[in-house]
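So that you can map any letter, position 43 of the sequence shown is 50 in my numbering, and since no number is skipped, the others follow by simple counting. Here's the structure, in structure tokens; my notes come after.
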Amino acid sequence: MNKEILRNILILDSIYRILKWNDRVRIHLLMQDKISESTENIQLLYDWCLKFKWLPPKLKYGQDRLQYYENSPDEWILTEELKHIKLDLPCLTK
8 MNKEILRNIL ILDSIYRILK WNDRVRIHLL MQDKISESTE NIQLLYDWCL
58 KFKWLPPKLK YGQDRLQYYE NSPDEWILTE ELKHIKLDLP CLTK
């Protein structure tokens, strides 16, 4: 699996909170080449990222310890605002 796409999945999860903790841990292990098998949920999101060529926004944490994304150069908006933008994400298994 491409590590950049796995990283994008983690960013997607940091915005929309769609993965369970064990899938997040598994992605980190995949990125470190400590394991080679993913889960069904990781594969669904991986395929979704490829299909829609989804790229994450630039993210940073402010001094208030909240997460912001770059809307345009020098314009950072609270990540909570992204949650109002609905993505056609795949339905993940439980």
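For each residue, glycine too, the CB sits at the ideal point set by N, CA and C. Remember, it's a predicted structure, so these values are computed and weren't measured experimentally.
In the DSSP output, which residue or residues are listed as bridge partners for residue i?
| i | result |
| --- | --- |
| L66 | Y76 |
What first and last residue would you give for the beta strand (DSSP E) that runs through residue i?
| i | result |
| --- | --- |
| E82 | E82 to L85 |
By the 10 Å Cβ neighbour count, where 16 or more other Cβ atoms means buried, how is residue i classified, buried or exposed?
| i | result |
| --- | --- |
| C56 | buried |
| N48 | buried |
| R33 | buried |
| L13 | buried |
| S45 | buried |
| L73 | exposed |
| D81 | exposed |
Rounding to the nearest angstrom, what Cα-Cα distance links residue i and residue j in this structure?
| i | j | result |
| --- | --- | --- |
| K93 | L37 | 28 Å |
| C98 | Y53 | 13 Å |
Under a CB-based cut-off of 7 Å, is residue i close to chain C?
| i | result |
| --- | --- |
| C98 | Any reference to chain C falls outside this structure, which holds one protein chain only. |
By the DSSP assignment, the alpha helix (DSSP H) with residue i in it spans what residues?
| i | result |
| --- | --- |
| E11 | K10 to Y23 |
| H35 | W28 to M38 |
Specify whether the region 13 to 33 and the region 79 to 92 touch according to this definition: at least 3 beta carbon pairs, one from each stretch, less than 8 Å apart. yes
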